[in-house]
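Note that our numbering gives residue 693 to position 5 of the sequence shown, counting from 1, and the numbers run on in steps of one.
Notes follow once the structure below has been shown.
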Amino acid sequence: MAQKVVTVYTDDLTGVESEEVRTHTFSLDGVNYEIDLVSDNYDKLFEALAPFIDKGRKLGRTRGAIRSRKGPADGPSAEEVRAWARQHNYQVNDRGRVPANIRDAYEKAH
């Protein structure tokens, strides 16, 4: 027996079935919404939001979760690596990030 699947597009606001229904997304207070509307109802939604959109600040298209900074890594502190580097004639700054090649040399030696 053959089966036929029919997709019926329905406007979420009015319940009207139409081939012209499109899915639209928007966000408010960190919550994403999706609504299916015919173009007339989308225009109404856009007109209602227009004063707020005009005064709002546009963010980038993608918003990911804010990443927390990593805590201290397991292993030697920067001060330990700097002290070792100086003892082995490496030039290293008193502050800031220890260069990767110096950290690598320290790890190979230990």
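Glycine included, C-beta positions come from ideal geometry on N, C-alpha and C.
Residues near residue i by beta carbon distance below 8 Å, same chain, minus five either side
{"i": "residue 720", "result": "713, 714"}
Under 8 Å between C-beta atoms of residue i and residue j
{"i": "residue 725", "j": "residue 710", "result": "yes"}
{"i": "residue 705", "j": "residue 727", "result": "no"}
{"i": "residue 766", "j": "residue 786", "result": "yes"}
{"i": "residue 702", "j": "residue 729", "result": "yes"}
Residue i - partner residues in DSSP beta bridges
{"i": "residue 712", "result": "723"}
{"i": "residue 767", "result": "Partner(s): none; residue 767 has no beta bridge."}
{"i": "residue 698", "result": "705"}
Buried/exposed call for residue i, threshold 16 Cβ in 10 Å
{"i": "residue 769", "result": "buried"}
{"i": "residue 731", "result": "exposed"}
{"i": "residue 773", "result": "buried"}
{"i": "residue 792", "result": "exposed"}
Any chain D beta carbon closer than 8 Å to residue i
{"i": "residue 774", "result": "Reference to chain D is not applicable here, since this structure consists of a single protein chain."}
First and last residue of the uninterrupted alpha helix (DSSP H) at residue i
{"i": "residue 705", "result": "Looking at the DSSP string, residue 705 is not in any alpha helix (DSSP H), and its letter there is neither H nor E."}
{"i": "residue 789", "result": "788-797"}
Same chain, Cβ closer than 6 Å to residue i, neighbours up to 5 away in sequence not counted
{"i": "residue 794", "result": "769, 772"}
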